[in-house]
Amino acid sequence: MTENAYPGLPSPPPLGASALPPGTYEGHTVLVTGGGSGLGKAIATEFARLGADLVIVGRTADRLKAAQEELGALGGRVTASVCDIRDPERIAEVFDAAPVLPDVLVNNAAANFPVPAEDMSPNAWRAVVDITLTGTWFMTREFGRRHLAAGTPGSVINVGASYAWTGGPGFAHSAAAKAGVKNLVETLAVEWAPYGIQVNGLVPGLFPHADLPEAIRGNLERTDDDKASRQPALRVGQARELGWAATFLASPYARFVSGHTMVVDGANWQRRNVVNAPVVPVREQLGRGPYGQ
Ligand SMILES: CCCCCCC/C=C/C(=O)SCCNC(=O)CCNC(=O)[C@H](O)C(C)(C)COP(=O)(O)OP(=O)(O)OC[C@H]1O[C@@H](n2cnc3c(N)ncnc32)[C@H](O)[C@@H]1OP(=O)(O)O
Ligand SMILES: NC(=O)C1=CN([C@@H]2O[C@H](COP(=O)(O)OP(=O)(O)OC[C@H]3O[C@@H](n4cnc5c(N)ncnc54)[C@H](OP(=O)(O)O)[C@@H]3O)[C@@H](O)[C@H]2O)C=CC1
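All the letters of the sequence shown, read from the start, carry residue numbers 1 to 293 under UniProt numbering.
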C-alpha cells in the first residue's frame, strides 16, 4: 500500500452501527437478488440488523444456504430461493412461495466480465444484458404488478454502475445494461408514484470483495496494486456503506425520494483532468494482441 500525505475521506463507523433507529424494518420483508454473496449479502445484512425479514435469490443453492445461515443469525426470518432472474415464470414462483409479498425489492444481481467490444460474442452480450437489464426488469415487473393488485406501497432499489453515465470501455455490454437499469428507475418512479411505489438507484464505486468472479477480480489485480491511492477518497468502499445507503433509500425517512440514483463512490466517477493519463487501448489493458491475429 502506498503511503499518502493526505488523509482522504474518513473511515466509516464500524460494522454493526446504523444511522436509522433500531427496528426500522421490523415487520417488513426485503427481497435481495444476488443476496447470497458480495454486495448483495452486505445490503441484506444491514436490512436484517434493522429487523427485516429477508428473501434472498440467486442461482447457486450452496451459496444461498450459507448466506441464509449467516443472515439468519441476525434474528429475522430468511427465505432462500434458487432462481435465475432471466426466467419470469420462476420469478413468479419465488413471489408465490415467499412468506409475504416483500415490501422492498433490491435488484442487486448482475453479470459482468471485461472484453474488448470487437471480441464480444452475441451470446456474451446476451448473457450480460439478459441478467443485468432484463432480469432486473422481470423482477421489478413482478413486484410492481403484485403491489398494484394489492394496493400496497413498496420500494425498489436498482443497483447500478457509474458507467451508465460515462460509458465503460472494456465493458460495453454491462455499461449499456446499467444505463438501461438507471433509465428504468426514472421511468418507473413516475409511473408508479401514484400507487405508492418508490423506485431508486444505488451505484457502488470500487468495492473489492472476496466473492467477485475471477474475470473481474483478475482485471482489478492486473490494473493496479494500490487501488486506494487512485481514488479521490484515498480508500475503497466498505460494503456496509452501500448497505447503509440502501436502508436509507427504502426507509420512511426517504419517502419523498424517488427516481433518484445515489452514487456511493467517494467522487471517483467525477474525476477529470484536462490532461489525462496516457491512453492505453482496451485490448492492451486486457493483455490481448491485435484484433484478428
Ligand atoms: C475496472 C474493474 C471493473 C469495474 C467493474 C465495475 C462495475 C460492475 C461490476 C459488476 O458487475 S461485478 C458483478 C459481476 N458478477 C457476475 O458477473 C456474477 C455472474 N456472472 C456469471 O454468471 C458469468 O460470469 C456470466 C458469463 C456473465 C453468465 O453466466 P452464464 O452461465 O449464463 O453464461 P456462459 O454460458 O458461461 O457464457 C455466456 C457467453 O459469455 C461468454 N463469456 C463468459 N465469460 C467471458 C469472458 N470472461 N470473456 C469473454 N466472454 C465471456 C461465454 O463464452 C459465452 O459466449 P459463447 O462462448 O457462447 O459465445
Ligand atoms: N463490486 C463492485 O466494485 C461493483 C459492483 N457493482 C454492482 O453491484 C452489484 C453486486 O455486485 P457484486 O456483489 O460485486 O458481484 P457478485 O458477483 O459478488 O454478485 C453477483 C450476485 O448476483 C447473483 N446472480 C448473478 N446472475 C444471476 C442470475 N442470472 N439470477 C440470479 N442471481 C444471479 C450471483 O449469484 P449466483 O452466481 O449464485 O447466481 C451473486 O450472488 C451488481 O449489480 C454489480 O454490477 C457495481 C459497481 C462496482
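Beta carbons: idealized from backbone N, C-alpha and C, even for Gly.
The DSSP-derived three-state label of Thr24 is coil. Here Leu220 carries a helix assignment [DSSP, helix/strand/coil]. Contiguous beta strand (DSSP E) elements confined to the UniProt domain "Ketoreductase" (28–184) occur at 29–33, 53–58, 78–82, 104–107, 154–159, taking only those with 3 or more residues. Separation of Gly135 and Asn183 (C-alpha to C-alpha, rounded to the nearest whole angstrom) is 15 Å. In this structure, ligand 1 has no non-hydrogen atom nearer than 6 Å to the beta-carbon of Leu286. Under the 8 Å Cβ criterion, the stretch 187–199 does not count as touching the stretch 266–276, having fewer than three qualifying pairs. Looking from the CA of Ala210, the closest CA among Lys41, Val104, Ala73, Ala19 belongs to Lys41.
With respect to Leu64, Ala80 sits close: the two C-beta atoms are nearer than 7 Å. Membership of Val264 in any alpha helix (DSSP H) is not indicated; the residue belongs instead to the beta strand (DSSP E) covering 261–264. Going by DSSP, Leu202 is part of no alpha helix (DSSP H) but of the beta strand (DSSP E) stretching over 197–204.
Residue range 239–249 is occupied by the alpha helix (DSSP H) that includes Leu242.
By the beta-carbon neighbour count (other beta carbons within 10 angstroms, threshold 16), Leu50 is buried. Rounded to the nearest whole angstrom, the C-alpha separation of Ala164 and Ala109 is 16 Å.
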